[in-house]
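Student:
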Amino acid sequence: MLSPLVGRLQQILSSFAPPTLRNQSVELPRVESNTSTNYRLIPYAQRWMADQQPKPSAKYDGDRMKLHPAELPWRDRYDVLKDHGYLLRPRYRPGWTASWPDSQEFPNMRYEDALIPSHSKRLDAERVSDGKPVFLKLAPKSSPEINIGRIIASKELLQDPRNRCAPLLDVLDDPVNPEGVILVFPLLRRLDHPMPTTIGEFVPMVQQTLEVRLSSAIRSLNSTPLV
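Written as structure tokens, this is what we have:
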């Protein structure tokens, strides 16, 4: 079913290739269920689903020794998240003070607690039980993403090798916002970092992204109550 699409993608990508490579034959890898390269859809790709919130401004880069107002709610969530088994970075620990001297230039290059988030609704953390890094995302309780995430992370769909979605690990009540929840995902790399450099890398990514098992998804939607 994907063969015509893959062939077309190869033609399109070849048109952008350097002249020295255009006449070379490229053997596209077969995408089997046990493929060694598994391109999962990452939480960062879900940014378009979130309501936009103010980001730390460029002026804030000069004063990393203080929490930006957009970071304060994460500090207020620190103890509750810890009780649920998720540990934020030391920067968000109540009573935190910077670990670098005031004279230090570019502390974000050397000190972990000098790193600031790029968005106020998303943050990294560590799962205490096994030390795995996780990704926290804020969402309203009415968000359809919660039910979709639970369906995708169901036992049946997790066993399907064609399920490329980042699984929803946990849903926690937001102690700061009574109408919100905190979604927990694995912390994964950006899809474009590093960028694919060859057709053989790009095409499997597209194939795996397009793989869908509609019958299972529809059965799950029909049998799972909405929240």
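Under the numbering used here, the first residue of the sequence shown carries the number 1413, and numbering increases by one thereafter.
Ideal placement from N, C-alpha and C gives every residue a C-beta, glycine not left out.
Going along the chain, which residues of its own chain have a beta-carbon closer than 7 Å to the beta-carbon of Gly1592, five neighbours each way excluded?
Tutor: Leu1550, Ala1551, Pro1552, Lys1553 and Asp1586
Student: Spatial neighbours of Tyr1504 within its chain, please: CB distance less than 6 Å, with the 5 preceding and 5 following residues excluded, ordered by chain position.
Tutor: Trp1486, Arg1487 and Tyr1490
Student: Glu1663 and Val1546 look like a contact to me (Cβ under 8 Å); what is the Cβ gap, rounded to whole Å?
Tutor: The question about residue 1663 has no answer, for the chain in this structure spans 1413 to 1639.
Student: Run through DSSP, which three-state label would Val1438 get?
Tutor: Per-residue confidence for Val1438 stands at a pLDDT of 37, beneath the threshold of 50, marking its modelled position as unreliable; the derived number appears in the next sentence. If DSSP states are grouped into helix, strand and coil, Val1438 belongs with coil.
Student: Could you check which residue in Arg1576, Leu1570 and Lys1478 has the C-alpha nearest to that of Ile1528?
Tutor: Lys1478
Student: Return yes when the Cβ of Ser1511 is within less than 7 Å of the Cβ of Asp1495, no when it is not.
Tutor: no
Student: Can the beta-carbon of Ser1566 be found closer than 7 Å to that of Gly1497?
Tutor: no
Student: Measuring alpha carbon to alpha carbon, tell me which of Leu1622, Lys1544 and Val1583 ends up nearest Leu1600.
Tutor: Lys1544
Student: Rounded to the nearest angstrom, what separates Asn1559 and Phe1614 at their Cα positions?
Tutor: 30 Å
Student: Are the beta-carbon atoms of Ala1482 and Ser1532 separated by less than 7 Å?
Tutor: yes
Student: Find the nearest neighbour of Pro1502 within the set Leu1603, Asp1536, Gly1612 and Gln1619, judged by alpha-carbon distance.
Tutor: Measuring C-alpha to C-alpha distances from Pro1502 to each of Leu1603, Asp1536, Gly1612 and Gln1619 identifies Asp1536 as the nearest.
Student: Can you check whether the CB of Pro1608 is closer than 7 Å to the CB of Ala1578?
Tutor: Cβ atoms of Ala1578 and Pro1608: not closer than 7 Å.
Student: Pull up the DSSP beta-bridge partners for Tyr1498, would you.
Tutor: Arg1539
Student: Helix or strand or just coil, what does DSSP make of Arg1459?
Tutor: Residue confidence is low: Arg1459 scores 35 on pLDDT, short of 50, so the model does not pin down where it sits. No coordinate-derived value is stated.
Student: Can you tell me whether Gln1620 is helix, strand or coil according to DSSP?
Tutor: helix
Student: Using only alpha-carbon positions, find the residue among Thr1610, Arg1602 and Asp1475 that is nearest to Ser1515.
Tutor: Asp1475
Student: Could you have a look at Lys1370 and say whether DSSP puts it in helix, strand or coil?
Tutor: The displayed coordinates of the chain run from 1413 to 1639. Any statement about residue 1370 would go beyond what the structure contains.
Student: So Leu1580 and Leu1595 are supposed to be a Cβ contact under 8 Å. How far apart are they, rounded?
Tutor: 6 Å
Student: Per the DSSP calculation, Pro1545 is bridged to which residue(s)?
Tutor: Glu1538.
Student: Got a sec: does the ligand ZN put a non-hydrogen atom nearer than 6 Å to the Cβ of Val1583?
Tutor: As presented, the structure is devoid of all ligands, the ligand ZN included, so that no description of it is given.
Student: Identify the residues that DSSP records as bridge partners of Phe1614: which are they?
Tutor: For Phe1614, which the question treats as bridged, DSSP gives no partner whatsoever.
Student: Should Gln1620 be labelled buried (16 or more other beta-carbon atoms within 10 Å of its own) or exposed?
Tutor: buried
Student: With 7 Å as the threshold, decide whether the Cβ of Leu1479 is near any Cβ in chain C.
Tutor: Included in the structure is just one protein chain, with no chain C present.
Student: Based on Cα-Cα distance, which residue from Gln1571, Ser1555 and Arg1534 lies nearest to Leu1548?
Tutor: Arg1534
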